[in-house]
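K.L.:
Take a look at the following structure, please.
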Amino acid sequence: MTTTSFRLALAGLAAGLTLSLTVPSALAAEGRVEPPAQSWSFYGAFGKFDRAQLQRGYKVYKEVCSNCHSATLVRFRNLAQPGGPEFSRSQVTALAATFQVKDGPNEQGEMFDRPGRAADAFPSPFPNEQAARAANGGAYPLDFSVLAKARTYERGFPRFIFDIFTQYQEQGPDYIHALLTGYKDAPQGFPPLLPGQNYNEYMPGHLIAMPKPISDGQVEYPKGADGKSPVPETVDQYAKDIATFMVWMAEPHLEERKRIGLFWISLMVILAGLLYYTKKKVWARMPDGSPLH
Amino acid sequence: MSGHSSYVPKSGIERWLDARLPIVRLMHDSAVSYPTPRNLNYFWTFGGILTFMLVAQIVTGIILAMHYTPQSTLAFNSVEHIMRDVNYGWLMRYLHANGASMFFVAVYVHIFRGLYYGSYKAPREVLWILGVVIFLLMMATAFMGYVLPWGQMSFWGATVITNLFSALPVIGETIVTFLWGGYSVDNPTLNRFFSLHYLLPFMIFGVVILHIWALHVVGQNNPTGVEVKNVAKDTVPFTPYATIKDVFAMVVFTIVFSWFVFYQPNFMGHADNYIPANPAVTPSHIVPEWYFLPFYAILRAIPDKLGGVVAMGSAIVVLAFLPWIDTSKVRSMSYRPIARQLFWAFVAVCIGLGYLGAMPAEGGYVTASQIFTVLYFGFFVALFIIGLFERPQALPNSIADSVLDTLKGGSGARLATATASEPNAKG
Numbered sequence: 000m001t002t003t004s005f006r007l008a009l010a011g012l013a014a015g016l017t018l019s020l021t022v023p024s025a026l027a028a029e030g031r032v033e034p035p036a037q038s039w040s041f042y043g044a045f046g047k048f049d050r051a052q053l054q055r056g057y058k059v060y061k062e063v064c065s066n067c068h069s070a071t072l073v074r075f076r077n078l079a080q081p082g083g084p085e086f087s088r089s090q091v092t093a094l095a096a097t098f099q100v101k102d103g104p105n106e107q108g109e110m111f112d113r114p115g116r117a118a119d120a121f122p123s124p125f126p127n128e129q130a131a132r133a134a135n136g137g138a139y140p141l142d143f144s145v146l147a148k149a150r151t152y153e154r155g156f157p158r159f160i161f162d163i164f165t166q167y168q169e170q171g172p173d174y175i176h177a178l179l180t181g182y183k184d185a186p187q188g189f190p191p192l193l194p195g196q197n198y199n200e201y202m203p204g205h206l207i208a209m210p211k212p213i214s215d216g217q218v219e220y221p222k223g224a225d226g227k228s229p230v231p232e233t234v235d236q237y238a239k240d241i242a243t244f245m246v247w248m249a250e251p252h253l254e255e256r257k258r259i260g261l262f263w264i265s266l267m268v269i270l271a272g273l274l275y276y277t278k279k280k281v282w283a284r285m286p287d288g289s290p291l292h
Numbered sequence: 000m001s002g003h004s005s006y007v008p009k010s011g012i013e014r015w016l017d018a019r020l021p022i023v024r025l026m027h028d029s030a031v032s033y034p035t036p037r038n039l040n041y042f043w044t045f046g047g048i049l050t051f052m053l054v055a056q057i058v059t060g061i062i063l064a065m066h067y068t069p070q071s072t073l074a075f076n077s078v079e080h081i082m083r084d085v086n087y088g089w090l091m092r093y094l095h096a097n098g099a100s101m102f103f104v105a106v107y108v109h110i111f112r113g114l115y116y117g118s119y120k121a122p123r124e125v126l127w128i129l130g131v132v133i134f135l136l137m138m139a140t141a142f143m144g145y146v147l148p149w150g151q152m153s154f155w156g157a158t159v160i161t162n163l164f165s166a167l168p169v170i171g172e173t174i175v176t177f178l179w180g181g182y183s184v185d186n187p188t189l190n191r192f193f194s195l196h197y198l199l200p201f202m203i204f205g206v207v208i209l210h211i212w213a214l215h216v217v218g219q220n221n222p223t224g225v226e227v228k229n230v231a232k233d234t235v236p237f238t239p240y241a242t243i244k245d246v247f248a249m250v251v252f253t254i255v256f257s258w259f260v261f262y263q264p265n266f267m268g269h270a271d272n273y274i275p276a277n278p279a280v281t282p283s284h285i286v287p288e289w290y291f292l293p294f295y296a297i298l299r300a301i302p303d304k305l306g307g308v309v310a311m312g313s314a315i316v317v318l319a320f321l322p323w324i325d326t327s328k329v330r331s332m333s334y335r336p337i338a339r340q341l342f343w344a345f346v347a348v349c350i351g352l353g354y355l356g357a358m359p360a361e362g363g364y365v366t367a368s369q370i371f372t373v374l375y376f377g378f379f380v381a382l383f384i385i386g387l388f389e390r391p392q393a394l395p396n397s398i399a400d401s402v403l404d405t406l407k408g409g410s411g412a413r414l415a416t417a418t419a420s421e422p423n424a425k426g
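Dropping the structure here:
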């Protein structure tokens, strides 16, 4: 392309850039605060889950979140799957058995409760949406199965282009972590909260029905050799652990995907290299032997 | 280009078959001995890439259809079943979803290449129009495919787009009811979209065959836009020359495709589509897939609903008339100093419209969309006008000449302009 047309293209780009500068202010007007980025073990091409973190995340889910939130697409057996929390099969059988699951009808035509099995889905805390709403002041506690992929925030130009190269895609867990640590007193001048409303810095619009769900020290983590938990038992840490667990629930094959990707892309790069030189050789001469270009 | 066949059956069985069904001869003539201009650049590899993508979409789609349930209360969870429990189901789904995006990346490169080098001009009008038909079918297929996971964006995207037809006078409402199979987007809509989403790719396949047939009748255009004059000097046989180059380009394209599939599988999608469809809750911004954004911006730029639909439709249909809109005698914009700049301005306008399509339809964004819509259609008007007075640079005498001139490093004003415009002879 000539210099003039190149300049024209640049001018077009510049126009797009100026336009995009108006975006953050538009977001602020809607009451959105950008969640700070956390460091996640599963980020990037070599990303893997931290087993201990996933197991802690499960503990937080079981003891706190699952009182209101379901995760109907996850099954107990998934907890033993490679690339997940990797509980042993006997651990999974034991922990499934701590739940009561509705089954049936039996030969008498009656529904009955039985202890959970590895093949069962996580039982829901409420029988239906109406019951959930009735118990939560009209608000519906969302299902956790794919929630980590269903939450995001606007990245805007030009960051969304950089994201392709940096592989940043952790908007979901960043938002979940920010939300759990974002409970604050409403700032001065904020309209008074109605019953059932809570102030949260990171909730779009700042009003959230869920009261602060977790406090420091609420969940006891497994102790290390020195009798202390290797990670702090704080809201910040709980938030990171549950967000990680939620990412795994939403994307249970994440590790396998990234592992296969690395192998496959390396293979393709080598193949492309070989093909490039073959192509050069083929294109050196015309069929009659004269130089091609 | 379709001259005399150079196929020579080698064995008895080949001679036997050739006398009864000359299918091997057909393959030989169209994929081996077929003469291809020697100066094609890498933009010409996207036709092969698109064929590859179509086949990839059909293969992954057939596998997905084995595990998917087109029923409004089960569809979302059946997709999650594919993601979680089907062996490599996550791979099939991410290949298929990102494959659609990569298909459009390739088709846009392919269309802009045709635009820049004047590939729509005589005698390639039918070839070009068939391409526009394929593009339309692709858009319909992609739209209906995006509805199938039955997430929030699926449902509300389907609602917004099908509702467009209600803008048509008299028959509008009837058409919408017919599309929905009822009085709102619901299970019957999902059922028929699934059925059509499975059907349309095979129709695309059929039109692709016509597209390739037409291509092999008129021959490929090339960066100079000068027709082949001497097959021996201007062209090389398709195999091994074009085959190896196409395969190399396909593998490079696969690397980009794989980057998204394995590392950024949800980059092209919308987070809202991981929320099951809920007719009672409207998402704050309903945004179509990125490849529809420029057209979506044009739709919303017009304050009148029918006007918007007409403008959006015209933005696509106008492409089919390009062979008669462009008045220039010269094909390749490499030799058209004004048209060339207009082309890059048009590319910038399309990107700008894409950006505006993703923004909320309010305030300055609407005004900007209106300006860019005028610029979009202005391109076609300008192309008509400048062709009447633009003085093109001198064309090379033949394809071979243009390549050999470049080889010598350019020994005249004519050659300098020819080489400066585009790396024609590369690759």
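Chains Z and S supply the protein sequences, listed in that same order. The first sequence begins at 0 in numbering that gives the first Met the number 0 and counts up one residue at a time. The second sequence begins at 0 in numbering that gives the first Met the number 0 and counts up one residue at a time. Glycine included, C-beta positions come from ideal geometry on N, C-alpha and C. Remember, predicted model here, so these are calculated numbers, not experimental data.
1. Could you give the C-beta distance for Glu-288 (chain S) and Ala-141 (chain S), rounded to a whole number, given that I count them as a contact under 8 Å?
2. Output yes or no for whether 8 Å exceeds the beta carbon distance between Ile-175 (chain Z) and Ile-254 (chain S).
3. Pick out the complete alpha helix (DSSP H) segments inside the region 285-332 of chain S, 4 residues or longer, and give them in chain order.
4. Three or more C-beta pairs closer than 8 Å, one from the region 323-336 of chain S and one from the region 111-129 of chain S: is that the case here?
5. Alpha carbon to alpha carbon, how far is Pro-395 (chain S) from Asn-221 (chain S)?
6. Please give the ranges of any beta strand (DSSP E) in the region 160-245 of chain S, keeping only runs that are unbroken, at least 3 residues long and fully inside the region.
7. Are any of the Cβ atoms in chain Z nearer than 8 Å to that of Tyr-240 (chain S)?
8. Report yes or no: is there a C-beta of chain Z within less than 8 Å of the C-beta of Ala-166 (chain S)?
9. Select from Z:Arg-74, Z:Pro-124 and Z:Tyr-182 the residue whose C-alpha is nearest the C-alpha of Val-91 (chain Z).
10. Going along the chain, which residues of the region 246-273 of chain Z sit with their C-beta nearer than 7 Å to a C-beta in chain S?
11. Just the C-alpha distance for Gly-60 (chain S) and Gln-340 (chain S), rounded to the nearest angstrom, thanks.
12. Sort Z:Ala-249, Z:Gly-223, Z:Tyr-237 and Z:Tyr-57 by Cα distance to Phe-86 (chain Z) and report the nearest one.
13. Can you name, in chain order, every residue of its own chain whose Cβ lies under 8 Å from the Cβ of Pro-187 (chain S), other than the five neighbours on each side?
14. On the CB-based measure, 16 or more other CB atoms within 10 Å of its CB, does His-3 (chain S) come out buried or exposed?
15. Determine the direct distance from the alpha carbon of Val-7 (chain S) to that of Pro-264 (chain S), and round the result to whole angstroms.
16. In chain Z, which residues lie less than 7 Å from Asn-265 (chain S) when you measure between Cβ atoms?
17. Do you know offhand how far Met-91 (chain S)'s Cα is from Tyr-197 (chain S)'s?
18. Take Pro-124 (chain Z) as the anchor and find which of Z:Gly-115, Z:Cys-64 and Z:Leu-72 has the nearest alpha-carbon.
19. Straight-line CA distance for Gly-223 (chain Z) to Ser-214 (chain Z)?
20. Which residues of the region 115-145 of chain Z have a Cβ closer than 8 Å to any Cβ of chain S? Give them in chain order.
21. Taking the C-alpha atoms as reference points, what is the distance between Gly-216 (chain Z) and Val-104 (chain S)?
22. Which residue from Z:Asp-162, Z:Phe-111, Z:Arg-31 and Z:Ile-207 puts its Cα closest to that of Ala-44 (chain Z)?
23. Got a sec? Which residues, its chain only, sit under 8 Å from Arg-14 (chain S) by beta carbon, not counting five neighbours each side?
24. Using a cut-off of 8 Å between C-beta atoms, extract the partners of Ala-270 (chain S) located in chain Z.
25. Rounded to whole angstroms, what is the Cα-Cα separation between His-215 (chain S) and Met-143 (chain S)?
26. Using a Cβ-Cβ cutoff of less than 8 Å, which residues in the same chain neighbour Glu-255 (chain Z) once the five nearest sequence positions on both sides are dropped?
27. Give the secondary structure of Gln-54 (chain Z) by DSSP, where H, G and I count as helix, E and B as strand, and everything else as coil.
28. Going along chain S, which residues have a C-beta under 7 Å from Val-281 (chain Z)?
29. If contact is defined by three or more beta carbon pairs under 8 Å, each pair taking one atom from either stretch, is the region 346-361 of chain S in contact with the region 290-300 of chain S?
30. What do you get for Gly-11 (chain S), buried or exposed, if any count of 16 or more other CB atoms within 10 angstroms of its CB means buried?
31. So, is the C-beta of Met-202 (chain Z) closer than 8 Å to a C-beta in chain S?
32. Can you tell me the Cα-Cα spacing of Arg-132 (chain Z) and Pro-210 (chain Z), whole angstroms?
33. How many whole angstroms separate the CB atoms of Phe-143 (chain Z) and Ala-70 (chain Z), which I take to be in contact at a CB cut-off of 8 Å?
34. Using only alpha-carbon positions, find the residue among Z:Ser-289, Z:Tyr-42 and Z:Arg-113 that is nearest to Thr-165 (chain Z).
P.N.:
Taking the structure as given:
1. The sequence position of residue 288 (chain S) within the second sequence is 289, counting from 1. The sequence position of residue 141 (chain S) within the second sequence is 142, counting from 1. Contact holds; Cβ gap of about 7 Å.
2. Numbered from 1 along the first sequence, position 176 holds the residue referred to as residue 175 (chain Z). Numbered from 1 along the second sequence, position 255 holds the residue referred to as residue 254 (chain S). At a Cβ-Cβ threshold of 8 Å, Ile-175 (chain Z) and Ile-254 (chain S) do not count as neighbours.
3. The qualifying runs are 292-300, 304-316 and 321-324.
4. At 8 Å Cβ cutoff, the stretches touch.
5. Taking the second sequence and counting its residues from 1, the one referred to as residue 395 (chain S) is at position 396. Taking the second sequence and counting its residues from 1, the one referred to as residue 221 (chain S) is at position 222. Annotation: Pro-395 (chain S) to Asn-221 (chain S) spans about 12 Å, alpha carbon to alpha carbon.
6. As far as the region 160-245 of chain S is concerned, its whole beta strand (DSSP E) runs of at least 3 residues are 234-236.
7. Here the question's residue 240 (chain S) lines up with position 241 in the second sequence. At a cut-off of 8 Å between C-beta atoms, Tyr-240 (chain S) counts as an interface residue with respect to chain Z.
8. By one-based count along the second sequence, residue 166 (chain S) stands at place 167. Judged by the 8 Å Cβ criterion, Ala-166 (chain S) is not in contact with chain Z.
9. Here residue 91 (chain Z) is taken as the residue at index 92 of the first sequence, counted from 1. Considering only alpha carbons, the answer is Z:Arg-74.
10. Listed by position along the chain: Pro-251, His-252, Arg-256, Lys-257, Ile-259, Gly-260, Trp-263, Ile-264, Met-267, Val-268, Leu-270 and Ala-271.
11. Along the second sequence, read from residue 1 onward, the residue named residue 60 (chain S) stands at position 61. Along the second sequence, read from residue 1 onward, the residue named residue 340 (chain S) stands at position 341. Rounded to the nearest angstrom, the gap between the Cα atoms of Gly-60 (chain S) and Gln-340 (chain S) is 41 Å.
12. In the first sequence, the residue the question calls residue 86 (chain Z) occupies position 87. Ranking Z:Ala-249, Z:Gly-223, Z:Tyr-237 and Z:Tyr-57 by Cα distance to Phe-86 (chain Z) puts Z:Tyr-57 first.
13. Within the second sequence, numbered from 1, the residue matching residue 187 (chain S) stands at position 188. Take Pro-187 (chain S), set aside five residues on each side of it, and the residues of its chain with a beta-carbon closer than 8 Å to its own are Trp-179, Gly-180 and Gly-181, in chain order.
14. Counted from its first residue, the second sequence places residue 3 (chain S) at position 4. So His-3 (chain S) ends up on the exposed side.
15. Position 265 of the second sequence, counted from the start, is the residue given in the question as residue 264 (chain S). Position 8 of the second sequence, counted from the start, is the residue given in the question as residue 7 (chain S). Rounded to the nearest angstrom, the two C-alpha atoms are 48 Å apart.
16. Here the question's residue 265 (chain S) lines up with position 266 in the second sequence. Correct list: Lys-148 and Gln-168.
17. Translated into the one-based positions of the second sequence, residue 91 (chain S) becomes position 92. Translated into the one-based positions of the second sequence, residue 197 (chain S) becomes position 198. Met-91 (chain S) and Tyr-197 (chain S) have their C-alpha atoms some 16 Å from each other.
18. Indexing the first sequence from 1 puts residue 124 (chain Z) at position 125. For the options Z:Gly-115, Z:Cys-64 and Z:Leu-72, the alpha carbon positioned closest to that of Pro-124 (chain Z) is the one of Z:Cys-64.
19. As a first step, residue 223 (chain Z) must be located in the first sequence, where it is residue number 224. As a first step, residue 214 (chain Z) must be located in the first sequence, where it is residue number 215. Gly-223 (chain Z) and Ser-214 (chain Z) have their C-alpha atoms some 22 Å from each other.
20. Flagged, chain order: Ser-144 and Val-145.
21. Numbered from 1 along the first sequence, position 217 holds the residue referred to as residue 216 (chain Z). Numbered from 1 along the second sequence, position 105 holds the residue referred to as residue 104 (chain S). About 51 Å.
22. Position 45 of the first sequence, counting from 1, holds the residue named residue 44 (chain Z). Of all alpha-carbon atoms in Z:Asp-162, Z:Phe-111, Z:Arg-31 and Z:Ile-207, the one lying nearest the alpha-carbon of Ala-44 (chain Z) is that of Z:Asp-162.
23. If you number the second sequence from 1, residue 14 (chain S) lands on position 15. Excluding sequence positions up to five before and after Arg-14 (chain S), its CB lies within less than 8 Å of the CB of Pro-8, all in the same chain and listed in chain order.
24. Residue numbering aside, residue 270 (chain S) sits at position 271 when the second sequence is read from its first letter. Proximity of chain Z to Ala-270 (chain S) at the Cβ level (cut-off 8 Å) is accounted for by Lys-148, Ala-149, Arg-150, Thr-151, Gln-170 and Gly-171, in chain order.
25. Translated into positions along the second sequence, residue 215 (chain S) becomes position 216. Translated into positions along the second sequence, residue 143 (chain S) becomes position 144. Taking the straight line joining both Cα atoms gives about 32 Å.
26. Stepping through the first sequence from its first residue, residue 255 (chain Z) is reached at position 256. Here the set comprises Pro-81 and Gly-82.
27. Working through the first sequence from its first residue, we reach residue 54 (chain Z) at position 55. Gln-54 (chain Z) carries a helical assignment under DSSP once its states are collapsed to helix, strand and coil.
28. Mapped onto the first sequence, residue 281 (chain Z) falls at position 282. Residues of chain S whose Cβ lies closer than 7 Å to the Cβ of Val-281 (chain Z) are, in chain order, Pro-239, Tyr-240 and Ile-243.
29. Counting Cβ pairs under 8 Å, three or more are found: they touch.
30. By 1-based counting over the second sequence, the position of residue 11 (chain S) is 12. Counting every other CB atom within 10 Å of its CB across the protein chains shown gives Gly-11 (chain S) a total below 16, marking it as exposed.
31. Taking the first sequence and counting its residues from 1, the one referred to as residue 202 (chain Z) is at position 203. Not one chain S Cβ lies under 8 Å of Met-202 (chain Z).
32. The sequence position of residue 132 (chain Z) within the first sequence is 133, counting from 1. The sequence position of residue 210 (chain Z) within the first sequence is 211, counting from 1. About 14 Å.
33. Here residue 143 (chain Z) corresponds to residue number 144 of the first sequence, with the count starting at 1. Here residue 70 (chain Z) corresponds to residue number 71 of the first sequence, with the count starting at 1. Contact between Phe-143 (chain Z) and Ala-70 (chain Z) holds, with the beta-carbon distance rounding to 4 Å and staying under 8 Å.
34. By one-based count along the first sequence, residue 165 (chain Z) stands at place 166. Shortest Cα-Cα distance from Thr-165 (chain Z) to any of Z:Ser-289, Z:Tyr-42 and Z:Arg-113 involves Z:Tyr-42.
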